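S.K.: I have a structure here, written as structure tokens, and I will follow up with some questions on it.
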Amino acid sequence: MGIDQLVDRMMRPVANAVSGFIFYPIPLFGAEMPLIVLWLVAGGLFFTVYLRFINVRGFAQALRIVSGRYAQEGDPGEISQFSALATAVSGTVGIGNMAGVAVAISTGGPGATLWLIVAGLLGMSSKFAECTLGVLYRRRNSDGSVSGGPMHYLERGLGERGWPAVGRGLGLFYAAAMVFGCLGIGNMFQSNQAAAIFIDITGAGASVFAGRGWLIGLFLAAVVALVIIGGIQSIARTTVKLVPTMAVLYVALALLTIVLNADRLPGAIAAIWNGAFTSAGMAGGGLGALVIGFRRAVFSNEAGLGSAAIAHATARTPQPASEGFVALLEPFIDTVVICTLSALVITTTVYDPALATGDISGIELTTRAFASTLPWSPAPLAVAAILFAFSTMIAWAYYGLKAFTYLAGEGRLQRLGFNAVFCGFVVVGASLDLGALIDLSDALVFVIAIPNLIGLYVMAPIVRRELERYRW
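Just so we're aligned, residue 5 is where the sequence shown starts under this note's numbering, counting upward by one.
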């Protein structure tokens, strides 16, 4: 028995118990909605109404801010607002954008796409709230760096409202779950998938790297280390170049595929619209499509988890609400644009209701959809997927670091220690199949939505106050 099988056998009962609790399914309209997903979508709906549809009326202002129109020399923070956006987007746009949409369509039909878009639009309001608080309650360290995110606004924000012990407890819980969780969803899963994709495009079983994933892991770890050792400024310099590159590559391939199948586009749009309400033959019908679309959107854009607030807290701005505007662009880019394009590629090419059986799903369905029109597309898609994985790793390395230093204190030794451990897990993820450990860490990432949204609800009046103070 290999070491990965041994670890998996030891961790599987724990992982199943924790995942079963966190992703507890609620029967809803013939499908199942994990309770945590319902919690997150409800948060998005609440803030959309409470902030008077800030996701719609603030969109143009968000574009003006991120263009740098209002930037001033000497604004407090470490990186530009566009850099903060690029860093946060790099943490959410990943392999799930390619595989997750295919899962939604193959189980919920094309109609799941519409509800995925709706959930993304609602998530824009959650992002506004958590990133506004991230800047408001950020802390400047003795070395000039900035620390922020849910652990800080939970502690300080709830403390201001007379609940210091509760705030501190929730902050500690959030940070501890983030430290462990970042090693799974933001590290081992990404390196494992990147290694698998690289081996596949270099010959699959005949590849010189087959069975030697650790070599790919070492290379990935070295590149990740070169970026994260320089902190948020180094990460931002990388993501500012990487995010637009990989987004343009993927969007260009998607648009080309859709244009070449333009005759099928009206039918695809009709299938998405009609299927959202009448997905005959799909799990739960139209309402089942709603459940599945919401579920995939939450897993894709992470609105309500608070992770993006850690990156946005470093943005150079004197006005917390201005960064909230910038942050609401994330779910739009991640879910409304990229996921929708993925859905249109699938529905204009290879989608067939027979696929609802689940025989073909995930990234295999997405790859087949592109290749049906662009036979040469698997190679650039593989490159895009590897870039997605790499960008996710460097963003989540920063999230985990700030959570760790919240627990252990700021300092060079703490930073070096965490970065070394993080890079070590990159190699582990590429080398071994630790499904149980990754499942456990994924569950812990989503459990942070519980303390985060509790804090957001309590501090909702503060968010609205900051919005009203902002002149736009």
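For each residue, glycine too, the CB sits at the ideal point set by N, CA and C.
This one's a predicted model, so the numbers in the text were calculated from it and none came from an experiment.
1. Between the C-alpha atoms of N196 and A307, what's the straight-line distance to the nearest angstrom?
2. Pairing CB atoms from the region 72-84 with CB atoms from the region 337-345, are three or more of them under 8 Å?
3. May I ask whether a heavy atom of the ligand FMN can be found less than 7 Å away from the beta carbon of A21?
4. Looking at the secondary structure, which residues open and close the alpha helix (DSSP H) in which W400 lies?
5. Determine the DSSP secondary structure at S84, reduced to helix, strand or coil.
6. Taking L42 and Y28 to be in contact with their CB atoms under 8 Å, please state how far apart those CB atoms are, rounded to whole angstroms.
7. Which of helix, strand or coil does DSSP assign to E36?
8. I want to know whether the region 118-138 touches the region 298-314 - three or more CB-CB distances under 8 Å.
9. Tell me whether Q237 is buried or exposed, calling it buried when 16 or more other Cβ atoms sit within 10 Å of its Cβ.
10. Just reading off the alpha helix (DSSP H) that C343 is part of, what are its end residues?
11. Which residue's Cα is closest to the Cα of S130: S151, L44, A106, G433?
12. Between which residues of its own chain and V105 is the CB-CB distance below 6 Å, once the five residues before and five after are set aside?
13. Considering only their Cβ atoms, is the gap separating Q194 from A393 smaller than 8 Å?
14. Skipping 5 residues on each side, what residues in its chain have a beta carbon closer than 6 Å to that of N456?
15. Relative to the C-alpha of G100, which residue among F202, R475, I189, A331 is closest?
16. Taking the continuous alpha helix (DSSP H) assigned at V467, which residues delimit it?
17. By how many angstroms is the C-alpha of T282 removed from the C-alpha of V228?
18. So, for S211: in the same chain, excluding its five sequence neighbours on each side, which residues have a beta-carbon less than 7 Å away from its beta-carbon?
19. Quick check on R160: does DSSP put it in helix, strand or coil?
20. Measuring straight from C-alpha to C-alpha, what distance separates G3 and L369?
21. For P31, which beta-bridge partners are listed by DSSP?
22. According to DSSP, simplified to helix, strand and coil, what is R241?
23. Compare the beta carbon distance of A75 and R299 with 8 Å and say whether it is the shorter of the two.
24. Just list the residues that DSSP pairs R143 with in beta bridges.
25. Mind reading off the beta-carbon distance from I398 to V247? Whole number of angstroms is fine, and I expect it under 8 Å.
26. List the whole-angstrom C-beta distance separating S395 from T243, where the pair is believed to meet the contact cut-off of C-beta under 8 Å.
27. Please name the residue, chosen from A315, G47, A198, that lies closest to G235 on a Cα-to-Cα basis.
28. Quick one: grab the DSSP three-state call for A317.
29. Counting along the chain, where does the alpha helix (DSSP H) carrying E327 start and finish?
30. With a cut-off of 8 Å on the beta carbons, I'd call V467 and V70 a contact; round off their distance for me.
31. Assuming the contact rule is C-beta atoms closer than 8 Å, A240 and A90 should be a hit. Round their C-beta distance to whole Å, please.
32. Hey, would you say I262 sits closer than 8 Å to T111, going by beta carbons?
33. Is the beta carbon of A225 less than 8 Å from the beta carbon of V387?
34. Within this structure, are the beta carbons of A88 and T318 separated by less than 8 Å?
35. Below 8 Å between beta carbons: does that hold for P335 and G152?
36. Short of 8 Å in beta carbon distance, which residues of its chain neighbour H156, apart from the five on each side in sequence? Order them along the chain.
M.R.: In short, the structure shows the following:
1. 25 Å
2. no
3. No copy of the ligand FMN appears in this structure; indeed no ligand is present at all.
4. 382-412
5. coil
6. Wrong, their Cβ atoms sit about 10 Å apart, outside the cutoff.
7. strand
8. yes
9. exposed
10. Segment: none, C343 is in no alpha helix (DSSP H) and carries neither H nor E.
11. L44
12. C343, S346, A347
13. yes
14. P154, G310
15. I189
16. 464-473
17. 46 Å
18. I203
19. helix
20. The chain is shown only over 5 to 476; residue 3 falls outside these bounds and no answer can be derived.
21. E36
22. helix
23. no
24. S151
25. Contact doesn't hold; Cβ gap of about 11 Å is too wide.
26. 6 Å
27. A315
28. coil
29. 324-331
30. Incorrect: roughly 20 Å between the Cβ atoms, too far for contact.
31. 7 Å
32. no
33. no
34. yes
35. no
36. G138, Y141, R142, R143, G175, A317, Y410
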